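**Q** Just dropping this structure here.
2 protein chains.
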Amino acid sequence: MSAIPYKIYLEESEMPKYWYNLRADMQKKPAPLLNPGTRLPMTAEELSGVFCQELVKQELDNDTREYPIPEEIQSFYRMYRPSPLVRAYCLEEKLKTPAKIYYKFEGNNTSGSHKLNSAVAQAYYAKRQGLKGVTTETGAGQWGTALSMACSYFGLDCKVFMVKVSYEQKPFRREVMRVYGASVTPSPSDTTQVGRKILAEHPGTTGSLGCAISEAVETAVSNPGYRYVLGSVLNQVLLHQSVIGVEAKIAMDKYGISPDIIIGCAGGGSNLGGLIAPFMGQKLRGEKDYRIIAVEPASCPSLTRGVYAYDFADTGMVCPLAKMYTLGSDFIPAPNHAGGLRYHGMSPILSELYDQGMMEAVSVPQTSVFEAAEIFARVEGILPAPESSHAIKVALDEALRCRETGEEKTILFGLTGTGYFDLVAYEKYHNGLMDDYVPTDEELARYTAKLPKM
Amino acid sequence: MSAIPYKIYLEESEMPKYWYNLRADMQKKPAPLLNPGTRLPMTAEELSGVFCQELVKQELDNDTREYPIPEEIQSFYRMYRPSPLVRAYCLEEKLKTPAKIYYKFEGNNTSGSHKLNSAVAQAYYAKRQGLKGVTTETGAGQWGTALSMACSYFGLDCKVFMVKVSYEQKPFRREVMRVYGASVTPSPSDTTQVGRKILAEHPGTTGSLGCAISEAVETAVSNPGYRYVLGSVLNQVLLHQSVIGVEAKIAMDKYGISPDIIIGCAGGGSNLGGLIAPFMGQKLRGEKDYRIIAVEPASCPSLTRGVYAYDFADTGMVCPLAKMYTLGSDFIPAPNHAGGLRYHGMSPILSELYDQGMMEAVSVPQTSVFEAAEIFARVEGILPAPESSHAIKVALDEALRCRETGEEKTILFGLTGTGYFDLVAYEKYHNGLMDDYVPTDEELARYTAKLPKM
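If you read the sequences in order, they're chains A and B. All the letters of the first sequence, read from the start, carry residue numbers 1 to 454 under this note's numbering. All the letters of the second sequence, read from the start, carry residue numbers 1001 to 1454 under this note's numbering.
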């Protein structure tokens, strides 16, 4: 066995040729999406008005374990993948821990995160179906940027509805999307019925993700040749993101490394679901055991304090119902700088696995997350995104526990992206102005009381 | 010979163990730095009041061809190097050119550019000399960020004087430096004599790089245990940056690739000097010929329209005199978004090589640079820095020429960094507000008329 290098990059010939469908190994499958009107499982036909045909197939397929990655997508992946699997030697030394820490770094591309892995797949299938373009929403802007890059590559039109407050406060993200030729509309806008309705009812509103989703969906279904795409939560997204875990596992196997603990931040679940896929597969098949930990912000604790129930995916209630751990579709988390973790629900796949006791979840306050981010940045040389720093925080906690116990555990965590567009948050942290609000039980109960009756 | 992958990453065992000192192969050496008072060559003793001893040695050493890279620096390099040598397959396809285009991408680290290669070396030697800290100036902030990262790693204090207008307009760069524990002072400041003098004479001034240099030098020489460090122009900086070229050459040799044309942007010359080092060495020794092209902004054309003469390195005229292509030390280029290319002079090594006819230079207007940047970003998936995009522009021009002639030339260019902190510039470009001012001959003559009489 060779010594472990600082960074493991797979050769092109070693890169994954397939995505790994976690659902194939689940005895009890995730609950199906329901039609919000009939409350019956959504059919492929119903879904194909909103999503591309191939993506509908992937969304509904609970059985096929391995999906070959089309050659065109593999080509695009070669532009920015493999992502490095990094041995955090400097961090280990700083913490004086016997633990061996690894992270899979997904931030070395211009979208700044793992989102590109699914964006390229969704854009590819849209193109192959002969569509003109796609619509989506974006909050902080990582997903919108990723989708813009993918659409530009395949020559597809890309219409992004960006939450108005982000559009105004994050002009740089908007400019990156413009570099890639996307049209970016602040939401709510007067370009859709739902947007005009919201503007009439709430003049001066700065928008919300739920409203932007509703506008994007309306635009997709009312424009021939367009479909709607989503960057997280969906089964298809976790399937595409499995490229993270499959790559990580190939790299670890090559060097004879086996993680004891796997940690990822969890908002809608796309990164965590992708990172753990092949490992969870082994665990589900009883071949191997891993501790798997989802980390969420204390201000938006869907797994740790939500309920497992059918709920709307969007505040506009136009999307299908999903069974998931949820805080209620109109729960608005307190200001938190991890925009990508502010979703009220959680991937149905991860929700079901959590319910089955196959993984753990913890929630962490945001100041502690930025403390961890800064420790990490100083020794590992990467400025992490606030979302990713949730995973760093718990990796540090576990590594320090090993220092206490003397155990040489192997820790793998997902470093989803970089924080170059999050410096307002770092500034607040430096100036001691960061908020650590945690919702009360009463507050959470008010929102979950409004869950749809099934 | 294996097929050429999209990205070539060296194995750790293949990474450079030495820096390459270009001067060793020059028959006619670059002119020495002169004491601004006596006009005699600066001695090691004089220089060591300002710079670390080991760096003074490197600055003055025109003969040693290979400098072993200390193990501690190699360790740091392994955190973010090797940088990928990328085969621009997607760009070639987009341009329909028979040319083979490669770029060496130095942007995959949090400082966002190649500057870290020299920052870590300078911080290391300062630490080894037992110093408390270092001072420097920064304009756009790439160098300051790189130095902050390096100092944080080695536990050195880092005092950065940041041009006031940048400090105010680029708060995000400032926050990244704060993440790494640097103190960042807007310049001119009341913490130095020179700063107070400038503030008294020009109340309300937004500062300049020259003024920030003078404050950083004063702070270094008046605080025991501190030295001044500089991110470009100097011979020592080109030495450290040779890691770019040595890595690129090892990667190319491994795959049997030989570039016909090597292109780099040139401000102070640190990136270009580093990239070309081993190739220029072969050319100087008569072993092989390469076309080597320096690209500079039309608004700051030191090589293409400057004069080759002794000049001050800073506007405060406290630094040694250097013989270089210069526009005059008080030349202030028209607003241009490539902050890193706005220096009035050019590395003495590159100046001498250009004077000997060993390399070419071209200047390009900034709108054409952003056009090239956007073409590149859309197909290669990397948002380039405005500085780096100067090299892209000329690489595109050469590739398109190959399309005309049918020649299958191999082009290598340096992609020095990412443009995440330059989106104000991209926004101006998108909104058609970009300026392409080119100085007139009369204007340039006014500044060069004031060069010091020798």
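Virtual Cβ for every residue (Gly too), placed ideally from N, Cα, C. All figures in this text were calculated on a predicted structure; none of them were measured in a lab.
1) For a cutoff of 8 Å on Cβ pairs, would you count V1165 (chain B) as touching chain A?
2) Taking all protein chains shown into account, do 16 or more other C-beta atoms lie within 10 angstroms of the C-beta of M1 (chain A), making it buried, or fewer, making it exposed?
3) So S152 (chain A) contacts chain B; which residues on that side make the cut at Cβ distance below 7 Å?
4) Can you tell which of A:L321, A:G207, A:P297 and A:A146 has its C-alpha closest to the C-alpha of K453 (chain A)?
5) Quick check for students: name the residue ranges of the alpha helix (DSSP H) that lie wholly in the segment 1303 to 1390 of chain B, counting only runs of 4 or more.
6) For K1288 (chain B), which of B:L1303, B:P1188 and B:S1258 has the nearest alpha-carbon?
7) Put M1079 (chain B) into one of helix, strand or coil per three-state DSSP.
8) Which ranges would you report for the beta strand (DSSP E) in the segment 1112 to 1181 of chain B if only whole runs of at least 3 residues count?
9) Around the C-beta of Y1437 (chain B), are 16 or more other C-beta atoms found within 10 angstroms, so that it is buried, or is it exposed?
10) Examine the Cβ distances between the segment 375 to 385 of chain A and the segment 66 to 75 of chain A and report whether three or more of them are shorter than 8 Å.
11) May I ask you to list, following chain order, the residues of the segment 87 to 110 of chain A that have a beta carbon less than 7 Å from some beta carbon of chain B?
12) Any contact of the segment 95 to 109 of chain A with the segment 395 to 410 of chain A, i.e. 3+ C-beta pairs under 8 Å?
13) Can you check whether the CB of V1233 (chain B) is closer than 8 Å to the CB of V947 (chain B)?
14) Is the distance from the Cβ of L116 (chain A) to the Cβ of V134 (chain A) below 8 Å?
15) Taking only the alpha-carbon atoms, compute the straight-line gap between Y77 (chain A) and H202 (chain A) and give it to the nearest angstrom.
16) List, in chain order, every chain A residue whose beta-carbon is nearer than 7 Å to that of M1149 (chain B).
17) Please go through the same chain and pick out, in chain order, the residues whose beta-carbon is closer than 8 Å to the beta-carbon of K28 (chain A), but skip the five residues on each side of it.
18) Taking Cβ-Cβ distances below 8 Å as the criterion, which residues of the segment 171 to 186 of chain A are in contact with chain E?
19) With DSSP as the reference, label Y1420 (chain B) as helix, strand or coil.
20) For P30 (chain A), count neighbouring C-beta atoms within 10 Å of its own C-beta (all shown protein chains included) and say buried if the count is 16 or more, exposed if not.
21) When the distance is taken between beta carbons, is C1319 (chain B) closer than 8 Å to V1217 (chain B)?
22) Is the segment 40 to 50 of chain A touching the segment 333 to 341 of chain A in the sense that three or more CB pairs, one from each, lie closer than 8 Å?
23) For C1265 (chain B), which three-state DSSP category applies?
24) At a Cβ threshold of 8 Å, is M252 (chain A) touching chain B?
25) Determine the chain B residues that contact S79 (chain A) at a beta-carbon separation under 9 Å, and present them in chain order.
26) Verify whether the separation of the beta carbon atoms of A395 (chain A) and I263 (chain A) is less than 8 Å.
27) For the beta strand (DSSP E) containing L85 (chain A), name the first residue and the last one.
28) Mark K1127 (chain B) as exposed unless 16 or more other C-beta atoms lie within 10 angstroms of its C-beta, in which case mark it buried.
29) With distances taken from CA atoms, which of A:A121, A:Q129, A:G130 and A:Q169 is nearest G139 (chain A)?
30) In chain order, what residues of the same chain lie with their CB nearer than 8 Å to the CB of G210 (chain A), ignoring the 5 residues before and after it?
31) Looking only at its chain, what residues have a beta carbon closer than 6 Å to the beta carbon of M1324 (chain B), apart from the 5 residues adjacent to it on each side?
32) For a contact defined as C-beta to C-beta under 7 Å, what are the partners of H430 (chain A) on chain B?
33) CB-CB under 6 Å to A1212 (chain B), same chain, minus the five flanking residues each way: which ones, in chain order?
34) Under the three-state reduction of DSSP, which class applies to G1414 (chain B): helix, strand or coil?
35) Between Y1426 (chain B) and chain A, is any beta-carbon pair separated by less than 8 Å?
**A** Here's the rundown:
1) Your numbering for residue 1165 (chain B) matches position 165 in the second sequence. False, the Cβ-Cβ gap to chain A never drops below 8 Å.
2) Counting from 1 along the first sequence, the entry for residue 1 (chain A) is found at position 1. Residue placement at M1 (chain A) is flagged as unreliable, the pLDDT there being 44, under the threshold of 50; the coordinate-derived value follows with that caveat. Exposed, because fewer than 16 other Cβ atoms sit within 10 Å of the Cβ of M1 (chain A).
3) Your numbering for residue 152 (chain A) matches position 152 in the first sequence. Within 7 Å Cβ-Cβ: R1378.
4) On the first sequence, position 453 is the one that residue 453 (chain A) refers to. For K453 (chain A), the nearest C-alpha among the options comes from A:L321.
5) 1348 to 1355 and 1366 to 1380
6) Position 288 of the second sequence, counted from the first residue, corresponds to residue 1288 (chain B). Of the residues B:L1303, B:P1188 and B:S1258, the one whose Cα lies closest to the Cα of K1288 (chain B) is B:S1258.
7) The residue you call residue 1079 (chain B) lines up with position 79 of the second sequence. Note: M1079 (chain B) maps to helix in three-state DSSP.
8) 1133 to 1138 and 1157 to 1163
9) For this step, residue 1437 (chain B) is matched to residue 437 along the second sequence. Per the 10 Å Cβ criterion, exposed.
10) Proximity of the segment 375 to 385 of chain A to the segment 66 to 75 of chain A falls short of the contact definition, fewer than three beta-carbon pairs being nearer than 8 Å.
11) C90, N108, N109 and T110
12) yes
13) This structure leaves residue 947 (chain B) out entirely; chain B is present only between 1001 and 1454.
14) Within the first sequence, residue 116 (chain A) is the residue found at index 116, counting from 1. Within the first sequence, residue 134 (chain A) is the residue found at index 134, counting from 1. Their beta carbons are not under 8 Å apart, which means L116 (chain A) does not touch V134 (chain A) by this criterion.
15) On the first sequence, position 77 is the one that residue 77 (chain A) refers to. On the first sequence, position 202 is the one that residue 202 (chain A) refers to. Inter-residue distance for Y77 (chain A) and H202 (chain A) is about 43 Å (C-alpha atoms, whole angstroms).
16) Position 149 of the second sequence, counted from the first residue, corresponds to residue 1149 (chain B). In chain order: G381.
17) Locating residue 28 (chain A) in the first sequence gives position 28, where the first residue counts as 1. The answer, listed in chain order, is E352 and Q356.
18) Note that chain E does not occur in the displayed structure, where the protein chains are A and B.
19) Within the second sequence, numbered from 1, the residue matching residue 1420 (chain B) stands at position 420. Coil.
20) For the purposes of this step, residue 30 (chain A) is identified with residue 30 of the first sequence, where counting begins at 1. Buried, because 16 or more other Cβ atoms sit within 10 Å of the Cβ of P30 (chain A).
21) To locate residue 1217 (chain B), count along the second sequence from 1; it is residue 217. To locate residue 1319 (chain B), count along the second sequence from 1; it is residue 319. For V1217 (chain B) and C1319 (chain B), yes; Cβs fall inside 8 Å.
22) no
23) Here the question's residue 1265 (chain B) lines up with position 265 in the second sequence. Three-state result, C1265 (chain B): strand.
24) Taking the first residue of the first sequence as position 1, residue 252 (chain A) is located at position 252. Taking Cβ atoms only, chain B never reaches closer than 8 Å to M252 (chain A), which makes this a no.
25) In the first sequence, counting from the first residue as 1, residue 79 (chain A) sits at position 79. Per the sequence presented here, residue 79 (chain A) reads as Met, with Ser not at that position. Within 9 Å Cβ-Cβ: Y1006, K1007, V1086, Y1089, C1090, V1379, E1380, G1381 and I1382.
26) The sequence position of residue 395 (chain A) within the first sequence is 395, counting from 1. The sequence position of residue 263 (chain A) within the first sequence is 263, counting from 1. In this structure, I263 (chain A) lies closer than 8 Å to A395 (chain A) by Cβ.
27) Residue numbering aside, residue 85 (chain A) sits at position 85 when the first sequence is read from its first letter. Element bounds for L85 (chain A): L85 to R87.
28) In the second sequence, counting from the first residue as 1, residue 1127 (chain B) sits at position 127. So K1127 (chain B) ends up on the buried side.
29) Here the question's residue 139 (chain A) lines up with position 139 in the first sequence. Sorting A:A121, A:Q129, A:G130 and A:Q169 by C-alpha distance to the C-alpha of G139 (chain A) places A:Q169 at the top.
30) As a first step, residue 210 (chain A) is located in the first sequence; it is residue number 210 there, counting from the start. Taken in chain order, the residues that qualify are D314, T315, G316, S329 and D330.
31) Working through the second sequence from its first residue, we reach residue 1324 (chain B) at position 324. Counting only Cβ-Cβ distances below 6 Å, and skipping sequence neighbours, we find G1345, M1346, P1348 and S1351.
32) Mapped onto the first sequence, residue 430 (chain A) falls at position 430. Those within 7 Å of H430 (chain A) in chain B are E1175 and R1178.
33) Within the second sequence, residue 1212 (chain B) is the residue found at index 212, counting from 1. Closer than 6 Å at the Cβ level, and outside the excluded window around A1212 (chain B), lie E1137, F1161, V1163 and S1187.
34) In the second sequence, the residue the question calls residue 1414 (chain B) occupies position 414. Strand.
35) Position 426 of the second sequence, counting from 1, holds the residue named residue 1426 (chain B). True, the Cβ-Cβ gap to chain A drops below 8 Å.
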